[in-house]
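S.K.: My numbering puts the first residue of the sequence shown at 242, with every later residue one more than the last.
Virtual Cβ for every residue (Gly too), placed ideally from N, Cα, C.
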Amino acid sequence: MARLFHPARLAAALCLTLATSAFAQAVIVAPIAPPPPRVEVVPAPRTGYVWDHGRWRWDHGGYVWVPGHWQPVRVGYHWVPGHWVAHGPNWHWVPGHWA
242 MARLFHPARL
252 AAALCLTLAT
262 SAFAQAVIVA
272 PIAPPPPRVE
282 VVPAPRTGYV
292 WDHGRWRWDH
302 GGYVWVPGHW
312 QPVRVGYHWV
322 PGHWVAHGPN
332 WHWVPGHWA
């Protein structure tokens, strides 16, 4: 009699599910443009880190300022800061990432 859940098939399905969910990101859409960026005092450079400037985060019907922070450098990559992009009447957040 064939097994309903073969261990190898079950393990493969679990790995595929976990790998797919690792790349899923929430899509953040705001109905109004973000305010102008705040002026930040950028700390002195730190070896092995890049400064990620502060940004406006859409949170429960309004924008909230998130201060800048240090990102550990990834050798061979450069940091692309997150930014808001207008799509019709809405604004979509594009997260910062290494490229």
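Tell me whether R315 is buried or exposed, calling it buried when 16 or more other Cβ atoms sit within 10 Å of its Cβ.
M.R.: When all chains shown are included, R315 counts as exposed.
S.K.: G289 by DSSP, collapsed to three states: which one?
M.R.: DSSP places G289 in coil when its eight states are reduced to three.
S.K.: Please classify R298: does DSSP put it in a helix, a strand, or coil?
M.R.: If DSSP states are grouped into helix, strand and coil, R298 belongs with the strands.
S.K.: From which residue to which residue does the beta strand (DSSP E) around G303 run?
M.R.: First-last of the beta strand (DSSP E) with G303: 303 to 307.
S.K.: Quick one: is S262 buried, meaning 16 or more other Cβ sit within 10 Å of its Cβ, or exposed?
M.R.: Only weak support exists for where S262 lies, its pLDDT of 46 falling under 50; the coordinates are left without a value.
S.K.: Inspect the beta-carbon positions of W332 and D293 and report whether they are closer than 8 angstroms.
M.R.: No.
S.K.: Rounding to the nearest angstrom, what Cα-Cα distance links R296 and P308 in this structure?
M.R.: Whole-angstrom Cα-Cα distance: 7 angstroms.
S.K.: Applying the criterion that 16 or more other CB atoms from any shown protein chain within 10 Å of the CB defines a buried residue, is W334 buried or exposed?
M.R.: Looking at its Cβ environment, which holds 16 or more other Cβ atoms inside 10 Å, W334 is buried.
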